[in-house]
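A.B. asks:
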Amino acid sequence: DAKTTQPPSMDCAEGRAANLPCNHSTISGNEYVYWYRQIHSQGPQYIIHGLKNNETNEMASLIITEDRKSSTLILPHATLRDTAVYYCIVRGYNFNKFYFGSGTKLNVKP
Amino acid sequence: GAVVSQHPSWVICKSGTSVKIECRSLDFQATTMFWYRQFPKQSLMLMATSNEGSKATYEQGVEKDKFLINHASLTLSTLTVTSAHPEDSSFYICSARTIEVRGPKTEAFFGQGTRLTVV
């Protein structure tokens, strides 16, 4: 699986959009980008995933660059409950395992 | 999303004893379950992949005789930490995939984790 690089931490004001970047410059054509988050002392929670098109669901939007070497997770209106570690994971098609990188600690402040 | 439940949520055991952690998929059948370990302020580390009815596959550096994994049914996998020592104290998390769907459209569902403290 391709390695991902994320900033260790980010701050965001409550109510504003949180934009979390992820670099995956070695991603191959059949690998998907997944985003999970982990709130303190809980198991990871699935957020969204995509291949090359932008994706949106009730939680977030995922923007993938045209060359697919980077992506951005967008939480449109961050709340205090969105404070968590966000993990960007690249996984091959039909490949079982998820390997977690170091993630980004998002601090949403009032 | 689907629900994965772990039991117990936390456990304290004496050094040298064994402790079993259960991982159940409550509303779906999981052919594959995964076990992770997480030390404080670190990321999740994949320990092993558990397939129903067959032996688990361990990641490099993980002792299979110390971390016994059993996946006897499509809804239950267990992790037994044998002869536990204080350095085994950690947050253990399981994950499961559904049986019906494979490929990129399948996200993994995670349990709430088990905090193990060995004293």
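Line order of the protein sequences matches chains F and Y. This note's numbering applies: residue 260 is where the first sequence begins, and numbers increase by one. This note's numbering applies: residue 3 is where the second sequence begins, and numbers increase by one. No residue lacks a Cβ here, since even glycine has one placed at the ideal position from N, Cα and C.
Are Y/I95 and Y/L28 close, meaning C-beta to C-beta below 8 Å?
C.D. replies: Your numbering for residue 95 of chain Y matches position 93 in the second sequence. Your numbering for residue 28 of chain Y matches position 26 in the second sequence. Result no, Cβ atoms of Y/I95 and Y/L28 do not sit closer than 8 Å.
A.B. asks: Decide if F/L334 is buried, meaning its Cβ has at least 16 other Cβ atoms within 10 Å, or exposed.
C.D. replies: Position 75 of the first sequence holds residue 334 of chain F. Buried.
A.B. asks: I'd like the ranges of any beta strand (DSSP E) spanning at least 3 consecutive residues and lying wholly in the region 11-47 of chain Y.
C.D. replies: Complete beta strand (DSSP E) runs here, min 3: 12-15, 21-27 and 34-40.
A.B. asks: Bridge partners for F/E290 per DSSP, in chain order?
C.D. replies: Along the first sequence, read from residue 1 onward, the residue named residue 290 of chain F stands at position 31. The partner list for F/E290 (beta bridge, DSSP) reads F/G351.
A.B. asks: Report the residue from F/S361, F/D270 and F/S284 whose alpha carbon sits nearest the alpha carbon of F/S330.
C.D. replies: As a working note, residue 330 of chain F is residue 71 in the first sequence. Per the Cα distances, F/S284.
A.B. asks: Just tell me which of F/N366, F/V344 and F/G302 has its CA closest to the CA of Y/S11.
C.D. replies: On the second sequence, position 9 is the one that residue 11 of chain Y refers to. Nearest C-alpha to Y/S11: F/G302.
A.B. asks: Quick test of your reading: F/Y295 and F/Y358, contact by CB under 8 Å. State the CB separation rounded to the nearest angstrom.
C.D. replies: As a first step, residue 295 of chain F must be located in the first sequence, where it is residue number 36. As a first step, residue 358 of chain F must be located in the first sequence, where it is residue number 99. Not confirmed; about 12 Å, so no contact.
A.B. asks: Are the beta-carbon atoms belonging to Y/F41 and Y/S85 less than 8 Å from one another?
C.D. replies: Along the second sequence, one-based indexing puts residue 41 of chain Y at 39. Along the second sequence, one-based indexing puts residue 85 of chain Y at 83. Going by C-beta atoms, Y/F41 is not nearer than 8 Å to Y/S85.
A.B. asks: Which first and last residues belong to the beta strand (DSSP E) in which Y/V5 is found?
C.D. replies: Here the question's residue 5 of chain Y lines up with position 3 in the second sequence. Note, Y/V5: premise wrong, no beta strand (DSSP E); not H, not E.
A.B. asks: Whole angstroms are fine: how far does the CA of F/S287 sit from the CA of Y/R26?
C.D. replies: Start at 1 with the first residue of the second sequence, and residue 26 of chain Y comes out as number 24. Start at 1 with the first residue of the first sequence, and residue 287 of chain F comes out as number 28. Using only the alpha carbons, I get a separation of about 33 Å.
A.B. asks: From what residue to what residue does the beta strand (DSSP E) around F/N313 run?
C.D. replies: By 1-based counting over the first sequence, the position of residue 313 of chain F is 54. Where F/N313 is concerned, there is no enclosing beta strand (DSSP E), given that its DSSP letter is neither H nor E.
A.B. asks: If you run the structure through DSSP and keep just helix, strand and coil, what is F/D270?
C.D. replies: Along the first sequence, read from residue 1 onward, the residue named residue 270 of chain F stands at position 11. Correct three-state label for F/D270: strand.
A.B. asks: Could you tell me whether the Cβ of Y/P106 comes closer than 8 Å to any Cβ of chain F?
C.D. replies: Counting from 1 along the second sequence, the entry for residue 106 of chain Y is found at position 104. The predicted position of Y/P106 is uncertain, since its pLDDT is 49 and thus under 50; no value can be drawn from it.
A.B. asks: Measure the beta-carbon distance from F/C271 to F/A337 and round it to whole angstroms, keeping in mind my assumption that it falls under 8 Å.
C.D. replies: Counting from 1 along the first sequence, the entry for residue 271 of chain F is found at position 12. Counting from 1 along the first sequence, the entry for residue 337 of chain F is found at position 78. The pair is a contact, with the Cβ atoms about 5 Å apart (cut-off 8 Å).
A.B. asks: Exposed or buried, which one is Y/T19 when buried takes at least 16 other CB atoms within 10 Å?
C.D. replies: If you number the second sequence from 1, residue 19 of chain Y lands on position 17. Counting Cβ neighbours within 10 Å, Y/T19 comes out exposed, since fewer than 16 surround it.
A.B. asks: Helix or strand or just coil, what does DSSP make of F/R340?
C.D. replies: Against the first sequence, residue 340 of chain F aligns to sequence position 81. It is helical.
A.B. asks: Closest to Y/A50 by C-alpha separation, out of Y/Q114, Y/T59 and Y/A110, would be which residue?
C.D. replies: As a first step, residue 50 of chain Y must be located in the second sequence, where it is residue number 48. Looking at the Cα atoms, Y/T59 is the closest of the given residues.
A.B. asks: Short of 7 Å Cβ to Cβ, which residues in the region 42-73 of chain Y face chain F?
C.D. replies: If the cut-off is 7 Å between Cβ atoms, the region 42-73 of chain Y has S45, L46, L48 and T51 near chain F.
A.B. asks: How should F/A276 be labelled, buried or exposed, when 16 other C-beta atoms within 10 angstroms of its C-beta is the threshold for buried?
C.D. replies: Counting from one through the first sequence, the residue named residue 276 of chain F turns up at place 17. Result: exposed.
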